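Just below is one structure, and these are the notes that go with it.
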Amino acid sequence: MMTVANRDRMLHVDLSSASVESRPVPAAWRRQFVGGKGLGARYLYDELDAGTDPLGSENVLLFMLGPVSGLLPGETRYAAVTKSPLTGGFLDSYAGGTFPDTLAGALQDHVGVLVTGRAPEPVTLVVADDGATVEPAETWGKDTAETDEAFPEAAVACIGPAGEQGVAFATIASDGGEHHAGRGGAGAVMGAKQLKAVVVRGEPPTDLAELREQYAQRYREGDTGQWLHASGTVETVDFANEVGALSTRGWEDGQFEGADGVGIEAVQRLAAGREYDDEDNPGGFRVQTEDGETIPRGATAMSLGAGLGIDDFDAVAALGETCNRLGLDLISAGSAVAWAIKASDAGLLDKSFEYGSPEDARALLEEIVARETPLGDALADGVDAASARLGGDDLLPTIKAMELPAYDPRGARSMALAYATSDRGACHRRALPIEREAFDGDWSPERAAAAVIREQDQRSALWCLVVDDFVGDVFDDLGAEWLDAIGLDTDGDLATVGERVWTLTRLFNVREGISRADDELPAKLQEPLDSGPNAGAAIDAESFDAMLDAYYSQRGWDVDGRPTPETIERLGLTDAVDRATRPADTTLGE
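Mapping the sequence shown onto our numbering, position 449 (from 1) lands on 790, and the numbers just tick up by one.
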């Protein structure tokens, strides 16, 4: 049995020189930031100067674990941390599957791998036995499934053609494309470094078995565990549709009349007569399409189904598989297709696209990755970039240049605040207050701000341990019991750690020029919904500003969204604030 690893070192890999070095993590950083998102953010802030090109050799890419990765219940995850080529700000993206478990075994005394530089030729990074080697890549040009198949005895995190072509919403895929570090374009950073794949070999750790089983049992018996085992995340389609918050046909409607064709009813029809035991189905719910593909998660049906007006489940699953193999974030991909449909309707394009056509969607996704046409090349840099080049501002909502997920805030205004203040751009995984507000009336600005802040800080704390999102609700103490079990002290309780990390990522973004103007209410959300239970609903700028003011005040940030000196000092971040690398005309919180 493997002993609990210290994970007090970082493996530094310079692709320019193909050199590898193990260095200790500063002890103060471990106490303040623990691991995962927190330590990744601290390294990113320390390594980069303001204005670093996300696709330049100076950007860094971290593959981060937590101090007890591989031991926690649920699906082990890792965090990819970098500067986003889509938003120009902080990015952390997460993926599960066999890769993080194996990485946890391969990096027994290391909490992550920090990759710098750019290889002169495409390479593969092989990680094993607490070390790494840089080797020529034989799989450049292959898709994610083909790349994974090239290493049958290892776990692989790789890019597909989208990452190789620098698509700004390219993913890092693992398990043959079944899992993705998706949003924000970490795959494009990997491609710019000519790093095709990270191949890891190691046995997952097996310590703390009694504690792990206690938490696993809590999870199995809890509401979230039972919900996932019964339906995966597909039921989110039905939930969003029921409350009138399912963005449909390019955000024109809040309900999709074809939801039964892509939601839980469709999955139940597919599942009829099929049985899977726990060995076949370790993650819980699973059925397959007619082509034998595992049913995708709810976001696929929301973005590529309702978002594009496609009500055929097999067609939606096939589009999801196209994104998986190409290495595309499916939320941004769905938005790119929806933007092209709306732009063609507005007469901005010389070709026509239609809702309800999986053929149009697939052809456009391939055009985006190829980057050989003006439209494909523009959309490869995101919806905002396409609007800037081809016209059509405000056809689709974005925040910090990131396309919104499919939960429409016009069905719950607090979601607009959650999207606007997310540190990586519009994201529903930072906070999801719609789950409460949709059934609990119209919240005051102060209540909305408090709910969003609480979720953001809690999730930041859990992601320092890199806890599975869906297991997080069984960690009543945010993971303190686990840190006690390995003897890791923290600077403040874990709620404070979460707040510290969230404030640090804000400092990073402020240093990159992000301000209140970027915590915006998209014009699309100020337009009334056409149909559904929220027909006529819109978010007015005045009520949004009131929520944002309340949020900044409760955070201890100034009216422009900059953490104040008092907040920086209270959270122990004074040493992290590097005045020399701030924009010359920017003052943090002063």
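Just so it is clear, CB atoms sit at the ideal spot from N, CA and C, and this is done for glycine as well.
Bear in mind the structure is a predicted one, so any value in this text is a computation, not a measurement.
Terminal residues of the beta strand (DSSP E) in which residue i lies
i, result
"C499", "496–499"
"F404", "402–405"
"L455", "451–457"
"T465", "464–469"
"A642", "From DSSP, A642 is part of no beta strand (DSSP E); its letter is neither H nor E."
"S398", "Taken as a continuous stretch (DSSP letters only), S398 belongs to no beta strand (DSSP E), as it is neither H nor E."
"A522", "520–522"
Under the three-state DSSP convention, the category residue i falls into
i, result
"D734", "coil"
"I794", "helix"
"A359", "coil"
"I651", "coil"
"V285", "There is simply no residue 285 to check, as the chain begins at 342 and stops at 931 in what is shown."
"D442", "helix"
"K683", "helix"
"D621", "Here D621 scores only 38 on pLDDT, less than 50, and its place in the model is too uncertain to base an answer on."
"Y748", "strand"
"V603", "helix"
"T831", "coil"
"V409", "coil"
"V918", "coil"
"P545", "coil"
"P365", "strand"
"L690", "coil"
"K865", "helix"
"V740", "The sequence shown places Ile at residue 740, rather than the Val named in the question. I740 falls in the strand class under three-state DSSP."
"A473", "strand"
"G646", "helix"
"L427", "coil"
C-alpha distance - residue i paired with residue j, whole-angstrom precision
i, j, result
"R852", "D652", "44 angstroms"
"V838", "G411", "21 angstroms"
"S357", "G532", "14 angstroms"
"G392", "L402", "16 angstroms"
"E479", "D886", "52 angstroms"
"D809", "T439", "13 angstroms"
"W481", "T762", "37 angstroms"
"A679", "T589", "10 angstroms"
"S363", "H451", "8 angstroms"
"L835", "W843", "12 angstroms"
"G472", "A527", "23 angstroms"
"R800", "A729", "34 angstroms"
"E707", "K537", "19 angstroms"
"A586", "R751", "7 angstroms"
"D691", "P408", "53 angstroms"
"D442", "D832", "27 angstroms"
Environment of residue i [buried if 16+ CB atoms lie within 10 Å]
i, result
"Q373", "buried"
"G723", "buried"
"T485", "buried"
"P869", "exposed"
"V900", "exposed"
"D817", "exposed"
"E562", "exposed"
"D594", "buried"
"G309", "Absent from the model: residue 309. The displayed extent of the chain is 342 to 931, so no value can be given."
"F780", "exposed"
"P461", "exposed"
"P774", "buried"
"D470", "exposed"
"P365", "exposed"
"C577", "Checking the displayed sequence, the identity of residue 577 turns out to be Thr instead of Cys. When all chains shown are included, T577 counts as buried."
Boundaries (first-last residue) of the alpha helix (DSSP H) holding residue i
i, result
"P906", "906–911"
"D489", "485–490"
"T837", "835–852"
"T480", "Where T480 is concerned, there is no enclosing alpha helix (DSSP H), given that its DSSP letter is neither H nor E."
"F885", "882–896"
"I775", "775–778"
"F374", "368–374"
"Y386", "377–388"
"R559", "550–562"
"L527", "For the sequence presented, residue 527 should be read as Ala rather than Leu. Segment 527–533, the alpha helix (DSSP H) holding A527."
"R703", "699–711"
"S755", "755–762"
"G717", "715–720"
Identified DSSP bridge partners for residue i
i, result
"L870", "For L870, which the question treats as bridged, DSSP gives no partner whatsoever."
"S434", "A421"
"L352", "S363, V454"
"S515", "A498, H520"
"A538", "T465, C499"
9 angstroms Cβ cutoff, residue i in contact with chain C
i, result
"A447", "Annotation note: the requested chain C is absent from the structure, which comprises a single protein chain."
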